[in-house]
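This report refers to the structure that appears directly beneath it.
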Amino acid sequence: MPANLPPEAKAKWLKVMEAKTPEEKLKALEEFLSTVPKHKGTENLVHWARRRMAQLRREIEERRVKERSLRSGGINIYVEKEGDAQVVVIGPPSSGKSSLLRCLTNVKVEPDDIPFSSMEPIPGMFIYGNVYFQLVKLPSINIYDVDSDVNSMALSMIRNADSAIVILDASSDVEAQYNALKSMLRENGIYIVKPRGFVTIERRPTGGIQVVGKLVNGTAEDVKKLLVSYGINNALVMINGEATLDDVEESIFKDIVYKPSLVLINKIDLTDSDYVRSIAAKLGSEVMVLTASLKDCTIDSRMLGESLLKVMDLIRVYTKEPDADTYSPKPFVLRRGSTVGDLARRIHSRFYEGFRYARVWRIDKYRRALRGLVLTTFLMMVILWRFTHHYDNEPLIN
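Residues 1 to 398 (this note's numbering) make up the sequence shown, in order.
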């Protein structure tokens, strides 16, 4: 992103950030773009601003269509989250998105007869080890037209989801599909590969500018000066990993998010097995890669379930009632690093307020006997309420 924009442009950008509605944002962006000098240093910014304006126009139109659809009982282009995690299924046309849902869920879905003809997301529930993954098949992504209407809706759904499964067609150039899709998402502020570092800026009404994290080519004071020059005087700047001042400036313009993802290479029966192994190994240096032949539902569902838990950094915690003989078969699904107190709060806020003591066990041997594999989980048993000691910061380790 460019540096040293003129004061007039920075003042106009402040208006963009203050805009509340898509209509207000669109008008403010038009005014901002008119003040940005046109030279090599601003090419990316101008390109992004024009793309964002096109997206806002589509959002305005989609909202109108949605309102009309709701009034007339038409289709819904949004899916409310259900289950333990929402995972969007994305990919180019005919890659196998519908087949994945058909193989793993009870949803009866068929591929589109005409590519990009369907705009409606289709949800289904994939259950693995009593963990409920809501799979949502999105419309096919057009990797050759990044500004298409179908991409706009898909991007919105990807941002709201917890994770993504990227399905690629092994009968075509897998690497080209992957790079084009990754690049398109990256240009829209969505990472599917965990970056070295990225920045989020949370604007606040008071408190000044606080910087949390590691900046590799500057100091917190440099960040404060940069934000103040854009009219941002109160904000929390979160640096995930390591970031530069350019990353901070980019985050002013873009809402950067990281979506933990895995790649599923489909149609491996239609191509050479050596090619599949080599491309899987190559992509595996960036993301987790699985292979499948979804036409006949040849997919390791256990491996897929474990992989989703791993990429999302989730753990399973099984609880046990004080007088029960065994633990509950339905686990609580928590982020790795969660504490016993986090689990108590998840059960109920009043339960957490009265929480005093817990016992935690590893139960690998039970899971091996039941599932034939080693899983690392914990069993929590709340047995005493009279103790005064608090252990709500005791870590839960998967």
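C-beta atoms are modelled at their ideal positions from N, C-alpha and C, and glycine is treated no differently.
Remember, it's a predicted structure, so these values are computed and weren't measured experimentally.
- Message: Please list the terminal residues of the continuous beta strand (DSSP E) segment that includes S261.
- Response: If you number the sequence shown from 1, residue 261 lands on position 261. Segment 261-266, the beta strand (DSSP E) holding S261.
- Message: Please classify N106 as buried or exposed, where buried requires at least 16 other C-beta atoms within 10 Å of its C-beta.
- Response: Sequence index remark: in the sequence shown, residue 106 carries index 106 (1-based). Exposed: under 16 other Cβ atoms inside 10 Å.
- Enumerate, from N- to C-terminal direction, the unbroken alpha helix (DSSP H) stretches of 4 or more residues contained entirely within the region 85-109. The qualifying runs are 97-104.
- Query: Start and end of the alpha helix (DSSP H) containing E353?
  - Reply: Here residue 353 is taken as the residue at index 353 of the sequence shown, counted from 1. Where E353 is concerned, the enclosing alpha helix (DSSP H) stretches over 349-353.
- For T35, the three-state DSSP class (helix, strand or coil): Counted from its first residue, the sequence shown places residue 35 at position 35. Helix.
- Item | Spatial neighbours of L33 in its chain, beta-carbon cut-off 6 Å, leaving aside the 5 residues before and after | Reading the sequence shown from its first residue, position 33 is the one you call residue 33. Closer than 6 Å at the Cβ level, and outside the excluded window around L33, lie A49.
- Quick one, which of H348, G341, I347 has its alpha-carbon nearest R356's? Walking along the sequence shown from the start, residue 356 turns up at place 356. Closest option to R356, judged by alpha-carbon separation, among H348, G341, I347: G341.
- Message: Let me check one thing: in DSSP terms, what residues is Y191 bridge-paired to?
- Response: Numbered from 1 along the sequence shown, position 191 holds the residue referred to as residue 191. In DSSP, Y191 forms a bridge with Y258.
- Coil, strand or helix - I167 by DSSP: Against the sequence shown, residue 167 aligns to sequence position 167. It is a strand residue.
- Assuming L294 and N266 make a contact with CB atoms under 8 Å, what is their CB distance in whole Å? Here residue 294 is taken as the residue at index 294 of the sequence shown, counted from 1. Here residue 266 is taken as the residue at index 266 of the sequence shown, counted from 1. Between L294 and N266 a beta carbon distance of about 5 Å is seen, short of the 8 Å cut, so the two are scored as contacting.
- Query: In or out: S118 buried (at least 16 other Cβ within 10 Å) or exposed?
  - Reply: Sequence index remark: in the sequence shown, residue 118 carries index 118 (1-based). With 16 or more Cβ atoms within 10 Å of its Cβ, S118 is classed as buried.
- Message: Let me check one thing: in DSSP terms, what residues is G197 bridge-paired to?
- Response: The residue given as residue 197 occupies position 197 in the sequence shown. DSSP lists G241 as partners of G197.
- Message: Going by C-alpha to C-alpha distance, which of E175, M312, H348 sits closest to G337?
- Response: In the sequence shown, residue 337 corresponds to position 337, counting from 1. Here the closest residue by C-alpha is M312.
- Query: From A176 to L168, what distance separates their C-alpha atoms?
  - Reply: The residue given as residue 176 occupies position 176 in the sequence shown. The residue given as residue 168 occupies position 168 in the sequence shown. The alpha-carbon of A176 is positioned some 10 Å away from that of L168.
- Message: Whole angstroms are fine: how far does the CA of A243 sit from the CA of V193?
- Response: If you number the sequence shown from 1, residue 193 lands on position 193. If you number the sequence shown from 1, residue 243 lands on position 243. If you draw a straight line from the Cα of V193 to the Cα of A243, it comes to about 15 Å.
- Enumerate in chain order the residues of its own chain whose CB-to-CB distance from E221 is below 7 Å, with the five nearest sequence positions on each side excluded. Here the question's residue 221 lines up with position 221 in the sequence shown. Taken in chain order, the list of residues that qualify is empty.
- Item | Coil, strand or helix - G124 by DSSP | For the purposes of this step, residue 124 is taken as residue 124 along the sequence shown, with counting starting at 1. Strand at G124.
- Item | Which of helix, strand or coil DSSP assigns to S156 | Residue numbering aside, residue 156 sits at position 156 when the sequence shown is read from its first letter. Three-state result, S156: helix.
- Using the C-alpha atoms, what's the distance from V223 back to V216? In the sequence shown, the residue the question calls residue 216 occupies position 216. In the sequence shown, the residue the question calls residue 223 occupies position 223. If you draw a straight line from the Cα of V216 to the Cα of V223, it comes to about 12 Å.
- State the Cα-Cα distance for the pair A280 and A28, rounded to the nearest angstrom. Translated into positions along the sequence shown, residue 280 becomes position 280. Translated into positions along the sequence shown, residue 28 becomes position 28. Approximately 45 Å, taken between the alpha carbons.
- Quick one: is E8 buried, meaning 16 or more other Cβ sit within 10 Å of its Cβ, or exposed? Indexing the sequence shown from 1 puts residue 8 at position 8. By the Cβ neighbour-count rule, E8 is exposed, with fewer than 16 other Cβ atoms within 10 Å of its own.
- Does the region 246-262 come close enough to the region 148-165 to have 3 or more Cβ pairs within less than 8 Å? Contact between the region 246-262 and the region 148-165 is present, because at least three Cβ pairs lie under 8 Å.
- Is the CB-CB distance between V248 and I209 below 8 Å? In the sequence shown, counting from the first residue as 1, residue 248 sits at position 248. In the sequence shown, counting from the first residue as 1, residue 209 sits at position 209. Judged by beta-carbon spacing, I209 lies beyond the 8 Å limit of V248, meaning their Cβ atoms are not closer than that value.
- Query: Can you find at least 3 beta carbon pairs, one from the region 88-102 and one from the region 131-139, that sit closer than 8 Å?
  - Reply: Touching, yes.
- Item | Reduced DSSP category for I209 - H, G, I as helix; E, B as strand; rest coil | Locating residue 209 in the sequence shown gives position 209, where the first residue counts as 1. I209 falls in the strand class under three-state DSSP.
- Task: Specify whether the region 195-209 and the region 298-309 touch according to this definition: at least 3 beta carbon pairs, one from each stretch, less than 8 Å apart.
- Result: With contact defined as three or more Cβ pairs closer than 8 Å, the region 195-209 and the region 298-309 are not in contact.
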